[in-house]
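Number of protein chains: 4
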Amino acid sequence: MIIVLKNDQATAAIEELKQHFGSQQEIFVHNNRVAIQNADPSDLTPAEQAAAQEIITDVPAAVQASRLFHPEDTIIKTPHSTIGGKNFTLMAGPCSVESAEHILKMAQVVKNAGATVLRGGAFKPRTSPYSFQGLGKEGLIALRNAADRLELDVVTEVMDVEQVPLVEAYTDIFQIGARNMQNFSLLKAVGKTRKPVMLKRGMSATVADVLNATEYIAAGGNHQIMIVERGIRTFDNKYTRNTFDVGVIPVLQKLTHYPVIADPSHAAGHTEFVTPLALAGVAAGANGLIVEIHDDPAHAFSDGAQALKPNEFNEMVVKTNAVRQALQSIE
Amino acid sequence: MIIVLKNDQATAAIEELKQHFGSQQEIFVHNNRVAIQNADPSDLTPAEQAAAQEIITDVPAAVQASRLFHPEDTIIKTPHSTIGGKNFTLMAGPCSVESAEHILKMAQVVKNAGATVLRGGAFKPRTSPYSFQGLGKEGLIALRNAADRLELDVVTEVMDVEQVPLVEAYTDIFQIGARNMQNFSLLKAVGKTRKPVMLKRGMSATVADVLNATEYIAAGGNHQIMIVERGIRTFDNKYTRNTFDVGVIPVLQKLTHYPVIADPSHAAGHTEFVTPLALAGVAAGANGLIVEIHDDPAHAFSDGAQALKPNEFNEMVVKTNAVRQALQSIE
Amino acid sequence: MIIVLKNDQATAAIEELKQHFGSQQEIFVHNNRVAIQNADPSDLTPAEQAAAQEIITDVPAAVQASRLFHPEDTIIKTPHSTIGGKNFTLMAGPCSVESAEHILKMAQVVKNAGATVLRGGAFKPRTSPYSFQGLGKEGLIALRNAADRLELDVVTEVMDVEQVPLVEAYTDIFQIGARNMQNFSLLKAVGKTRKPVMLKRGMSATVADVLNATEYIAAGGNHQIMIVERGIRTFDNKYTRNTFDVGVIPVLQKLTHYPVIADPSHAAGHTEFVTPLALAGVAAGANGLIVEIHDDPAHAFSDGAQALKPNEFNEMVVKTNAVRQALQSIE
Amino acid sequence: MIIVLKNDQATAAIEELKQHFGSQQEIFVHNNRVAIQNADPSDLTPAEQAAAQEIITDVPAAVQASRLFHPEDTIIKTPHSTIGGKNFTLMAGPCSVESAEHILKMAQVVKNAGATVLRGGAFKPRTSPYSFQGLGKEGLIALRNAADRLELDVVTEVMDVEQVPLVEAYTDIFQIGARNMQNFSLLKAVGKTRKPVMLKRGMSATVADVLNATEYIAAGGNHQIMIVERGIRTFDNKYTRNTFDVGVIPVLQKLTHYPVIADPSHAAGHTEFVTPLALAGVAAGANGLIVEIHDDPAHAFSDGAQALKPNEFNEMVVKTNAVRQALQSIE
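Residue numbers (UniProt numbering), protein chains in the order written: chain A, 1 to 331; chain B, 1 to 331; chain C, 1 to 331; chain D, 1 to 331.
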């Protein structure tokens, strides 16, 4: 249940509830709201009940992710970005970090287009073990240097618990890949850090699955979480790699306070469909975009087919900006 | 195969090809392009080959739907609308025609918002036989009268071959519902008329399935076809009724010349998500929207949960127009 | 609601309930059970309530299909078969009727293997309009003659309302194809006949969808209904044409009294997987099998890739019989 | 490519090929077959070509998993079981290890039914972080002791790289859960051990995805791999938790030499459907079953709804044995 406390009694009541329930149940506090797992109103003392302005009993398992517990938007601040709420965050970069020179060149494209976050994979979760697996630490260093040179934030994937300290040393935002969305050990590990986490939705993850996955991170005390829609698996992937579930953007934004980012690149799988999907995501209200770019897609180390060339990326940004401004001017 | 004829030899070569192949194979002509089913270049005479500027052998089964056969956009003209190409067509109305008074009231809302097509079901394909099945002919009459009073076109569903003449007498555009997308007898029947057909994608129809379904209509000589994306069935329908496959809009527009209309209402299933999906569809380049409205959704005869109220619809139109204009101003 | 009447008061109470509700609500009677749509216990008079042994209010929309209304198995009798309950019915034949000679040859194979129903399509719902569409009436005649010569029943597909009288004249069982599962006009039309109907599950039809589709048939007074599981559409159809949902067999048998037939041919799509799927279906408790066979699959007019050759079919029958007998010997 | 060497030249040719390609390309040898990644016949010297009896160029990415590379069945030997080929392996136990007493009691049921592998989770991948997460090391000890007392093998889940040494110390077979099927770091870690690995198919994993996941294990040198079909996610999970993809069993057995085990419990999700799915899996040719049991399902720590009670489990075993014997008697 979630107990919404009367404002003038909140401080004292929170202490009392912690004392009463804290040793047995999980208890979470946000402003004047207290969520207690596995308890119901009949467990409250008369004094506790009297301090409540409202008691909500129909509560999802992922209670910390819910707007019932945390009504206002989560805003995440990184050195160069403010993510969530009315802000719009553009993230871009190559699929893989390929070399120090290349990532710097791409970072310049990213910066020029007005983006504030540089993406790039140093550890790559490839379907086949014989595909390029990423440059590892060397890639992290190159990525960090390029971002620092151009005053950009870094987002990069962490693939297992052991990599967490290494990646943490170089990134501003941890990325958890779609295939690891329910790697609960990894979620717990990044939940213990205090770096923001960008969680990609799994290929067949329901809305409840995604929110429960964020809860593994939040349960460790890390509340700086973003969710990425990157396309789901359906019965037809002949023309697009995945099916971009644009509807999940407003659905998630209704249910949770975490920012929702659209990834049109992995959904489209082919360059020609990236911009329409980016536009759809922005029009549906996404809090940001993460887009793959490459100056020579035919020779990209990975996912070249879906990488926008710099000029295509610039055109995409012009269009998505136009859509955002058109919608802002109405509100 | 598709034979692209040299322009100065096209007329004569078309006649020759018809004579050569017409009695055995299906043969279709569009300007200087001739599609012949079940034939390949080795079947051509030297003279026929000499008349060809290009011969395309990797041809989809739905050849008439393909841009390989018909490169330019199909433009459909109805009394009050021009559909396809750079045009944008707004269609709206209640799920069911409920009475002459009600449909007229809704038509006024539709007209005021700038839409040119009035939708409304007289024959309703309901999941259960015990649900309201529509007013039938009485509904058609009311729909036609309301549209005529306000100078709107009519689109309404036809459910079986026997209904075709009746519906044809009252509508400007036949609607084929998602559940009938592969009702091939019905597709053949509307293919023999010369009224435009709006074909809704089936719940689990692949892109190839949709295009093959249009081909059943085109095979009868009716080339005024629109395709509607109305959401597909995936593993999560708890928050939206279907998954709006926004990516299929640019995919279809690449492959086929027929206009592609977005139906955010059946995808969303809930009012609050209709506008974000409409915006996504428009941003992705849809040639039009078809939207359900109702002044009293709680008492609608069908699908009230997804009907926009008139003021909500007006807001949606303002927003979608803003997005369209923003994108047009860039091109 | 469903009212289970006390046996000694059933006859009188049924009359009273019909009088009370019959002019306004749909009312269905099965032995001492009366289902009334859109009514609840508070609508009953004290006398009506007194006649009830039990009143069930949590009732599915497809009430006539439900075991709550009709607890015992439906048994369907055709001239040469008894379908449902503890009976097992084997149906086989070519995808299409190709000629009088060929269907007779195939009928002999069917008969020799112990099957009692001959399948064969005279009207073929093909994805493309340019594929073979069936021999039509000529095919029906050939199919009927072959079956009569060998004392077999006929099952064949009817594709639209207009074909119903023609097909009815030649078949013992109407087949409704997967693509027409929600062609409600067609379901109503066969519901008005008194010939058994074999309804194939649509590619993405939920259990509720299937049962509601049967209800359209039952609403017309035709209660001789079979349901066929023939595979559903999922994210991987590279190796099998569809995903055989073997679990739906016991699920349907729990919820409904209609026989459930397994179609391993359309699920497998490739000969080598037909027998394993047939065995799975039988082991899971299917009331019968419908299997495609052909003596020369490479030259079959349709679906040759999934047709068992006569010797393969015979082996399949030996194996499925062995499994059935093994399971029967335990009960 | 895969080079099938002439038997009398195999030893020498293998050495030559290793020398030629081993420093640059990944090269795998199985008997007289040599797989070389990213190479084609034109890269071979005339002598190498002369030593080849056949060169296969259409090779899947997961080459070591393929029967093209390893035609004969993989047979896995654990202390009490022989898994794969014509052998049938029964595995059973509770979802979670709940206490030393309880797991011993369940082990006795497992043993009495003729099973040779005891399952039980000590680390539980639960959707919600607030659900029971397993007893951890204490659970492993209890599981090992129970198995040893009754001369059974142990299979238990390992959830992350760090847990590998601990779990390895107590188990005979590592289980990788469906949610971790593409946790590539974990796959690599168990690939470096020499304990058998039982890999559960992910909820929306294609056949190629599953085989590529096994390849991550095989690439580390561990070839003792089993694949488990445990149901996939489709559009209807109202009556069963997942859709049991029985067809994937013969498909996998055709493509790969690894044993394929059926898990009817997670597919069914409800006790009443476990036995029909187990029978379906066995009839389709599964190399074994893994089944969840509990003596008091209503109070199970996890997944009680799908646990068979001991008597239900015994009945299931009688039936599945009957089906296996019936099919064996025919071959």
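For each residue, glycine too, the CB sits at the ideal point set by N, CA and C.
As the structure is a computational prediction, the values presented were derived from the model and not from experiment.
With respect to chain B, the C-beta atom of residue 325 (chain A) has a partner C-beta closer than 8 Å. Residues of chain C with a Cβ closer than 7 Å to the Cβ of residue 265 (chain D) do not exist; the shortest Cβ-Cβ separation is about 12 Å. Excluding the 5 residues flanking it on each side, residue 197 (chain A) has same chain C-beta neighbours closer than 6 Å at 174, 190, 217 and 225, in chain order. Judged by pairs of C-beta atoms under 8 Å, the stretch 117-124 of chain D touches the stretch 152-166 of chain D, as three or more such pairs exist. Annotated three-state conformation of residue 149 (chain D) is helix, per DSSP.
Nearest C-alpha to residue 155 (chain C) among C:36, C:128, C:79 and C:101: C:79. In this structure, DSSP gives residue 45 (chain B) a state outside helix and strand, which the three-state scheme calls coil. Under the 8 Å criterion on CB atoms, residue 206 (chain D) is classed as non-interfacial with respect to chain B.
In the DSSP assignment, residue 281 (chain D) falls within the alpha helix (DSSP H) that extends over 271-283.
Remark: C-beta atoms of residue 313 (chain C) and residue 164 (chain C) do not approach each other more closely than 8 Å. For residue 301 (chain B), no alpha helix (DSSP H) encloses it, and the DSSP letter there is neither H nor E. Of the candidates D:135, D:94, D:88 and D:139, D:88 places its Cα closest to the Cα of residue 114 (chain D). For the pair residue 202 (chain D) and residue 275 (chain D), the Cα-to-Cα distance works out to about 22 Å. Per DSSP, residue 234 (chain D) is not a residue of any beta strand (DSSP E), being assigned neither H nor E.
No Cβ of chain D is located within less than 8 Å of the beta carbon of residue 241 (chain A).
For secondary structure counted as the beta strand (DSSP E) over 3 or more consecutive residues, the stretch 29-116 of chain A holds these complete runs in sequence order: 33-36, 52-56, 76-78, 81-83 and 89-93.
In the DSSP assignment, residue 292 (chain D) falls within the unbroken beta strand (DSSP E) covering 288-292. Below 8 Å, too few C-beta pairs join the stretch 91-109 of chain C and the stretch 244-260 of chain C to call them touching: fewer than three.
A residue is called buried once 16 or more other Cβ atoms fall within 10 Å of its Cβ, and residue 71 (chain B), having fewer, is exposed.
Linking residue 135 (chain C) to residue 143 (chain C) through their CA atoms gives a straight-line distance of about 11 Å. Burial of residue 241 (chain D) is indicated by the presence of at least 16 other C-beta atoms within 10 angstroms of its C-beta. The count of Cβ pairs closer than 8 Å, one atom from the stretch 269-284 of chain C and one from the stretch 282-298 of chain D, reaches three, so the stretches are in contact.
Cβ neighbours of residue 29 (chain C) within its own chain (closer than 7 Å, five residues either side excluded): 14. Residue-level contact by beta carbon fails for residue 275 (chain D) and chain A, as no gap is shorter than 8 Å.
Leaving aside the five residues that flank residue 51 (chain D) on each side, the residues in its chain whose CB is nearer than 7 Å to its CB run, in chain order, 5, 6, 9 and 13. Secondary structure of residue 316 (chain B) (DSSP, three-state): helix. Those residues of the stretch 171-192 of chain A placed with their C-beta closer than 7 Å to a C-beta in chain C do not exist. Residue pairing by DSSP leaves residue 6 (chain C) without any beta bridge partner. The C-alpha of residue 271 (chain D) is placed about 22 Å away from the C-alpha of residue 326 (chain C). For residue 192 (chain C) and residue 182 (chain B), the gap between their C-alpha atoms comes out near 23 Å. For residue 189 (chain B), the enclosing alpha helix (DSSP H) has its first and last residue at 184-191. For residue 135 (chain D), there is no enclosing beta strand (DSSP E), as DSSP marks it with neither H nor E. Scanning D:38, D:118, D:18 and D:227 for the CA closest to the CA of residue 65 (chain D) turns up D:227.
DSSP places residue 199 (chain B) inside the beta strand (DSSP E), whose first and last residues are 197-200.
For residue 288 (chain B), the closest of B:86, B:261, B:267 and B:111 by C-alpha to C-alpha distance is B:261. Rounded to the nearest angstrom, the gap between the Cα atoms of residue 86 (chain D) and residue 149 (chain C) is 44 Å.
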